[in-house]
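A short write-up of the structure that comes next.
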Amino acid sequence: DGGITQSPKYLFRKEGQNVTLSCEQNLNHDAMYWYRQDPGQGLRLIYYSQIVNDFQKGDIAEGYSVSREKKESFPLTVTSAQKNPTAFYLCASSIVSRDYEQYFGPGTRLTVT
Amino acid sequence: DQQVKQNSPSLSVQEGRISILNCDYTNSMFDYFLWYKKYPAEGPTFLISISSIKDKNEDGRFTVFLNKSAKHLSLHIVPSQPGDSAVYFCAASVGTYKYIFGTGTRLKVLA
């Protein structure tokens, strides 16, 4: 049963702490993505990766970091430098040649107080 | 500055009738357009796409229309079914991998 898993569903952190959001896929997709969704706004691209050990900044990469050491995994770290980290985070993956057809995980809601 | 806008946050339609969801964009360089559907507590799922060289693409009950001169995209669902009740996002691409999403329209199909 292929898909994308994100854990945990809800995450709470204190301000000033780094936090890492997990994203795993077993769809054998080369491309993976991280998006952020805020109330009243569309999904905004944070980072994307086309292949293992390579990733590119999206539109709002400041305050975030990623790694892509394995094809299946694309963890996102929200650092203390991110000014407004409270948001809903979505991870996705796709076949490289069909990047428009992205498969999304259920998301992680991060609350930083 | 929202380059992709969905001006209707919600829409209610009777079962069996047509649902029309609209999307406007500002960047004439967009070359690919998508619609995604999202149910509560799930991630968005891809629905249908259209290239900027076409003006219509059909897939079963779903048809996407592109009017480049008006910079307008629409999704028609005929006939609408209760299971179509979800949030619909349009998105546009300026290049590979980078898509700009609208804010979504919540569709409610009334039985």
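Going line by line, the protein sequences match chains U and R.
The first sequence begins at 3 in my numbering and counts up by one.
The second sequence begins at -3 in my numbering and counts up by one.
Glycine is no exception: its CB is placed at the ideal position from the N, C-alpha and C atoms.
Through-space distance from R:T99 to U:P87, alpha-carbon basis
Locating residue 87 of chain U in the first sequence gives position 85, where the first residue counts as 1. Locating residue 99 of chain R in the second sequence gives position 103, where the first residue counts as 1. If you draw a straight line from the Cα of U:P87 to the Cα of R:T99, it is about 19 Å long.
Do U:F106 and R:G150 have their beta-carbon atoms positioned less than 7 Å apart in this structure?
It is not possible to answer for residue 150 of chain R, since the shown part of chain R is limited to -3 through 107.
According to the neighbour-count rule (16 or more other Cβ atoms, all chains shown, within 10 Å of its Cβ), is U:K16 buried or exposed?
Within the first sequence, residue 16 of chain U is the residue found at index 14, counting from 1. Classification for U:K16: exposed.
Output needed for R:K33: all residues of its chain with C-beta closer than 6 Å, excluding positions within five of it in sequence on either side, in chain order.
Your numbering for residue 33 of chain R matches position 37 in the second sequence. Once the five neighbours on either side are set aside, the close Cβ partners of R:K33 are T41, L43, A82 and Y84.
Amino acids of chain R, ordered along the chain, whose beta-carbon sits closer than 7 Å to that of U:D101
Residue numbering aside, residue 101 of chain U sits at position 99 when the first sequence is read from its first letter. Within chain R, the residues placing a beta-carbon under 7 Å from that of U:D101 are T92 and Y93, ordered along the chain.
Starting from the Cα of U:I53, find the closest Cα among U:S67, U:Q19 and U:V98 and give me that residue.
Taking the first sequence and counting its residues from 1, the one referred to as residue 53 of chain U is at position 51. Looking at the Cα atoms, U:V98 is the closest of the given residues.
What are the residues in the segment 46 to 75 of chain R lying within 7 Å of chain U by C-beta distance?
Hits within the stretch: zero.
Would you verify that the beta carbon of U:P108 is, or is not, closer than 7 Å to some beta carbon of chain R?
Residue mapping note: residue 108 of chain U aligns to position 106 of the first sequence, counting from 1. Between U:P108 and chain R, the shortest Cβ-Cβ separation is below 7 Å.
Return the chain-ordered list of same chain residues with a C-beta closer than 6 Å to the C-beta of R:L71, the five sequence neighbours on each side being excluded.
What you label residue 71 of chain R is simply residue 75 of the second sequence in a count that begins at 1. Excluding residues up to 5 positions away in sequence, L17, W31 and V60 lie with their Cβ nearer than 6 Å to the Cβ of R:L71 in the same chain.
Please state whether DSSP places R:V83 in a helix, a strand or coil.
Sequence index remark: in the second sequence, residue 83 of chain R carries index 87 (1-based). R:V83 falls in the strand class under three-state DSSP.
Using 7 Å as the limit for Cβ to Cβ distance, is U:G5 near chain R?
Looking up residue 5 of chain U in the first sequence gives position 3. Judged by the 7 Å Cβ criterion, U:G5 is not in contact with chain R.
So, does the CB of R:T99 fall closer than 7 Å to a CB anywhere in chain U?
By 1-based counting over the second sequence, the position of residue 99 of chain R is 103. Chain U contact via Cβ: present.
Looking at C-alpha atoms only, which residue of U:G5, U:G18 and U:Y37 is the closest neighbour of U:R111?
What you label residue 111 of chain U is simply residue 109 of the first sequence in a count that begins at 1. When each option's Cα is compared against that of U:R111, the closest is U:Y37.
Closer than 7 Å, CB to CB, is U:G65 near chain R or not?
Sequence index remark: in the first sequence, residue 65 of chain U carries index 63 (1-based). So, not an interface residue.
For R:D80 and R:K104, I'd like the C-alpha separation in whole angstroms.
On the second sequence, residue 80 of chain R is found 84 positions in, with the first residue counted as 1. On the second sequence, residue 104 of chain R is found 108 positions in, with the first residue counted as 1. Cα-Cα distance, rounded: 8 Å.
Delimiting residues of the beta strand (DSSP E) encompassing U:M34:
For the purposes of this step, residue 34 of chain U is taken as the residue at position 32 of the first sequence. First-last of the beta strand (DSSP E) with U:M34: A33 to Q39.
DSSP three-state assignment for U:S99, whether helix, strand or coil:
Against the first sequence, residue 99 of chain U aligns to sequence position 97. Three-state DSSP puts U:S99 in a helix.
Outcome for U:R100 when other beta-carbon atoms lying within 10 angstroms are tallied against a minimum of 16:
For the purposes of this step, residue 100 of chain U is taken as the residue at position 98 of the first sequence. The Cβ neighbour count for U:R100, taken over all protein chains shown within 10 Å, is under 16; the residue is labelled exposed.
To be precise: take each residue of the segment -3 to 30 of chain R, compare its Cβ to all Cβ atoms of chain U, and keep it if any distance is under 7 Å. Which residues remain?
Cβ proximity to chain U below 7 Å picks out V0, Y28 and L30 from the segment -3 to 30 of chain R.
Buried versus exposed call for R:A88 [16 or more other C-beta atoms within 10 Å across all chains shown]:
Working through the second sequence from its first residue, we reach residue 88 of chain R at position 92. Taking every protein chain shown into account, the CB of R:A88 has 16 or more other CB atoms within 10 angstroms, so this residue is buried.
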